[in-house]
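Numbering (the working numbering), first residue to last: 3 to 384.
Glycine residues also receive a C-beta, built at the ideal position from the N, C-alpha and C atoms.
Scroll down for the structure; my scribbles are underneath it.
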């Protein structure tokens, strides 16, 4: 009995292995697993070109400033909140069309990405690609990466090329161009600050000149130079006239009592009348009449106040101008290199074995899903 069952068991085991082998070699398995893996092996093993990666790091800094009271501190507080914005500006510039134009002037960039070191599928414009600046710009952006660290704010510039020298040169030129753009931002900021400060000084000078001219014309027209001083002089004169008036009135009263027929009485009375008229005139010139000193001093004080305000505004504008000139002597933003561009000696891309294995795993997954779908359809039809 045992001798009869052994061949049957061996035959059953052979049938299972042969059946599994047939399932694995089905057209679906060949299309989803074998063929893609073979193509990936051929491409990454024989065709795919080496990709060299050059990295550099930099950080943007602003100089620390001591706080100043008044308007200067307010203006400085406004100008210091720009570092993160400037980092974004530099990051966008490195991957901009302007940077690509300048870079093409520095080196044969299209030869670097379209030469013999790049395989037919990776080079520009490729097999089915189109030549042109916009297409090359899209291609260029895929080979340049700019990442900013969230914790340290250090910017990493990463460049991919098909030779180590090209990767190094592109990274080196881009970093130099970024430094130049930062210097241009500094120059523009300095010019804007100086232009604004000079405009403020010119405006303040014009206001002071206009106020001084208006005050001078008013003084000439109203015959008024200093209302306070002139009113004090007139009040002193009134006081002096009052003293003379009191003395003459006392003399007149005495004469009328002692000698009513004295011939000096009429002339003394006329003198008293003249003094009273002079006192009334001088008091009217100080206050009470339309063209009195108090009435004219209102306009004078307004014009004098405008002149004083203009002079203070001019002094503040001159201080701001000096501060702007002092700021122009030093940079507002610094590009500090953390790591210089390296010239790689080993190609870091592509990951050949990893990519082939990934293609194989994806093919198996696709084969498994499609096999289940096919089996479900067949079962439904049966």
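Just to confirm, are residue 156 and residue 340 a CB contact at a threshold of 7 Å? yes
Among 261, 342, 322, 187, which has the Cα closest to the Cα of residue 177? 342
Provide the residue span of the beta strand (DSSP E) that contains residue 61, from first to last. 54 to 63
Decide if the stretch 106 to 117 is in contact with the stretch 55 to 65; the criterion is three or more beta carbon pairs, one per stretch, under 8 Å apart. no
For residue 25, I'd like the list of residues in its chain whose CB is within less than 7 Å of its CB, leaving aside the five on either flank, ordered along the chain. With a pLDDT of only 48 at residue 25, under the threshold of 50, the placement of this residue in the model should not be trusted, and no figure is reported.
Go to residue 160, then tell me how far its beta strand (DSSP E) extends in each direction, as first and last residue. Under the DSSP assignment, residue 160 falls in the beta strand (DSSP E) whose first and last residues are 157 to 163.
What are the boundary residues of the alpha helix (DSSP H) that includes residue 100? Under the DSSP assignment, residue 100 falls in the alpha helix (DSSP H) whose first and last residues are 99 to 108.
Exposure label - residue 72; buried when at least 16 CB within 10 Å: Note that residue 72 has pLDDT 44, beneath the 50 cutoff, so the model's placement of it is unreliable and the number below is only indicative. By the 10 Å Cβ count, residue 72 comes out exposed.
Would the stretch 202 to 218 count as touching the stretch 305 to 312 if we require 3 or more Cβ pairs under 8 Å? yes
At which residues does the beta strand (DSSP E) containing residue 338 begin and terminate? 336 to 341
Compare the beta carbon distance of residue 2 and residue 95 with 7 Å and say whether it is the shorter of the two. What the structure shows of the chain is the stretch from 3 to 384, and residue 2 is not part of that stretch, so it cannot be assessed.
Using the beta-carbon count (16 or more within 10 Å), is residue 194 buried or exposed? exposed
Check whether residue 146 and residue 129 have beta carbons under 7 Å apart: no
Assuming the contact rule is C-beta atoms closer than 8 Å, residue 116 and residue 125 should be a hit. Round their C-beta distance to whole Å, please. 5 Å
Less than 7 Å between the C-beta atoms of residue 335 and residue 184, yes or no? yes
With DSSP collapsed to three states, give me the class of residue 345. Coil at residue 345, not helix or strand.
So for residue 149, helix, strand or coil by DSSP? strand
Going by DSSP, which residues form a beta bridge with residue 351? 53
Can you tell me whether residue 47 is buried or exposed, with buried defined as 16 or more other CB within 10 angstroms of its CB? exposed
Which residue wins for smallest C-alpha separation from residue 319, given the options 198, 382, 216? 198
Taking the C-alpha atoms as reference points, what is the distance between residue 132 and residue 196? Approximately 48 Å between the Cα atoms of the pair.
Out of 348, 179, 89, 269, which one is the CA nearest neighbour of residue 101? 179
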